[in-house]
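Student: The structure under discussion is supplied below as structure tokens; questions concerning it will follow.
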Amino acid sequence: NLFKGDGHNRKYPVHGPVDAKTQSLFRKKEKRVTSWPVLIARVFRIDVKADVDSIHPTEFCHNCWSIMYRKFSSAPCEVYFPRNATMEWHPHTASCVICLPSHQGLKRKRHQPNVQLSKKLKTVLNQARRDRQRKRAQARVSSKEVMKKISNCSKIHLSTKLLAVDFPAAFVKAISCQICEHILADPVETTCKHVFCRICILRCLKVMGSYCPSCRYPCFPTDLESPVKSFLNILNSLMVKCPAQECDEEVSLEKYNHHVSSHKESKETLVH
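Residue numbers for the sequence shown follow the UniProt record's numbering, so the first one is 1 and each next one is one higher.
The structure is reproduced here in structure tokens:
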């Protein structure tokens, strides 16, 4: 019997035929493999065809077999080896009496990588990755410009340039609409926790589809809710400069509309 022992004590001939279970696995994948050296070379990157029986082991243990089987069955093998590490043919465990003798005698041939080809391939892959990143960035910019045109709110929403205080960029972004980039007006929050002006998000959902413009998470008009009260309090307390000519007043965002209406009554020109 070629396969000696039971369970984890089973041994397999290095140059012998592939066992029935492994053959069945490859039949399901519509591939034909009859001997172990081909599989050993693919998994462990070791050429055992030129092995000398008096020097190299003629059998391998069940642990080696398990690793090969897991490899070709697409099962996760990180339990045995890290994803990017080179798999070692010998020894897998200190107690393995089959793999242990492989430390003695001549070393097996290893496939030598073509350094020049590897460098060229790495360059091509890096260039392709950079191209993909550039295209994604261009698509994001293009999408943002389209959304701004859809919202078309420059005449009704306030620019962040009117803020009376020079806040950090991260804070300004937090109190700005992610579509029009103006100070939030009648803000609403999506289920994915992004905040927009109500009119901007409703227009974008109608034209571009039912997803969040920031992260593309599914979003519908019925999902929109008012942000938490503490956020609204901070937003309403922000001081903004009055855009009316010859008016240097700074008013809170909450009182802004009332203040501006007083200028309209006196027919002063507003500059946004």
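The beta carbon of each residue, even a glycine, is placed where N, CA and C say it ideally should be.
1. DSSP three-state label for A244, please.
2. Evaluate L158 with the Cβ neighbour count: other Cβ atoms within 10 Å of its Cβ, from every protein chain shown; 16 or more gives buried, anything less gives exposed.
3. In this structure, does DSSP put Y12 in helix, strand or coil?
4. Let me know the secondary structure DSSP gives V124 once reduced to three states.
5. For L184, which of helix, strand or coil comes out of DSSP?
6. Three or more C-beta pairs closer than 8 angstroms, one from the stretch 212-219 and one from the stretch 227-235: is that the case here?
7. Please determine, among R45, W65 and K49, the residue with the shortest C-alpha to C-alpha distance to V18.
8. Measure the alpha-carbon distance for I67 versus R129 and round it to whole angstroms.
9. Using a Cβ distance threshold of 8 angstroms, determine whether the stretch 189-197 contacts the stretch 249-259, with at least three qualifying pairs required.
10. DSSP has M239 in a bridge; who is on the other side?
11. Can you tell me where the alpha helix (DSSP H) holding F167 begins and where it ends?
12. Check whether the Cβ atoms of C153 and I199 lie closer than 8 angstroms to each other.
13. Here's the rule: buried if 16 or more other CB atoms are within 10 angstroms of the residue's CB, otherwise exposed. What is F171?
14. Count the other CB atoms, across all protein chains shown, that sit within 10 Å of the CB of I156; report buried if there are 16 or more and exposed otherwise.
15. Does DSSP classify Y217 as helix, strand or coil?
16. CA-CA distance, residue 321 and L121?
17. Give me the DSSP bridge partner(s) of E59.
18. Quick check on L224: does DSSP put it in helix, strand or coil?
19. With a threshold of 7 angstroms on Cβ separation, who are the neighbours of T22 within its own chain once the five nearest residues in sequence on each side are excluded?
20. Nearest-angstrom Cα distance between L25 and K119?
21. Indicate the three-state DSSP secondary structure (helix, strand or coil) for V146 in the structure shown.
Tutor: On the basis of the supplied data:
1. By 1-based counting over the sequence shown, the position of residue 244 is 244. Note: A244 maps to strand in three-state DSSP.
2. Within the sequence shown, the letter at position 158 stands for residue 158. Result: buried.
3. Residue 12 sits at position 12 when you count from the first residue of the sequence shown. The answer is strand: DSSP assigns Y12 an E or B state.
4. Taking the sequence shown and counting its residues from 1, the one referred to as residue 124 is at position 124. V124: helix per DSSP, three-state reduction.
5. One-based indexing of the sequence shown puts residue 184 at position 184. Three-state DSSP puts L184 in coil, outside helix and strand.
6. no
7. Along the sequence shown, read from residue 1 onward, the residue named residue 18 stands at position 18. The candidate whose alpha carbon is nearest that of V18 is W65.
8. Looking up residue 67 in the sequence shown gives position 67. Looking up residue 129 in the sequence shown gives position 129. Between I67 and R129, the alpha-carbon positions lie close to 32 angstroms from each other.
9. no
10. As a working mapping, residue 239 is identified with position 239 in the sequence shown. In DSSP, M239 forms a bridge with S252.
11. In the sequence shown, counting from the first residue as 1, residue 167 sits at position 167. That residue, F167, is in no alpha helix (DSSP H); it is neither H nor E in DSSP.
12. The count along the sequence shown starts at 1 and reaches residue 153 at position 153. The count along the sequence shown starts at 1 and reaches residue 199 at position 199. Yes. Within cutoff.
13. Stepping through the sequence shown from its first residue, residue 171 is reached at position 171. F171 should be labelled exposed.
14. Counted from its first residue, the sequence shown places residue 156 at position 156. Classification of I156: exposed, given that the 10 Å Cβ count is below 16.
15. For this step, residue 217 is matched to residue 217 along the sequence shown. Coil at Y217, not helix or strand.
16. Residue 321 falls outside the range modelled here, since the chain spans only 1 to 272, and no answer is possible.
17. The sequence position of residue 59 within the sequence shown is 59, counting from 1. Its beta-bridge partners are P13.
18. Walking along the sequence shown from the start, residue 224 turns up at place 224. The answer is coil: DSSP assigns L224 none of H, G, I, E or B.
19. Walking along the sequence shown from the start, residue 22 turns up at place 22. The residues are Y69.
20. Looking up residue 25 in the sequence shown gives position 25. Looking up residue 119 in the sequence shown gives position 119. In a straight line, the C-alpha of L25 is about 35 angstroms away from that of K119.
21. Numbered from 1 along the sequence shown, position 146 holds the residue referred to as residue 146. In the structure shown, V146 sits in a helix (DSSP, three-state: H, G or I).
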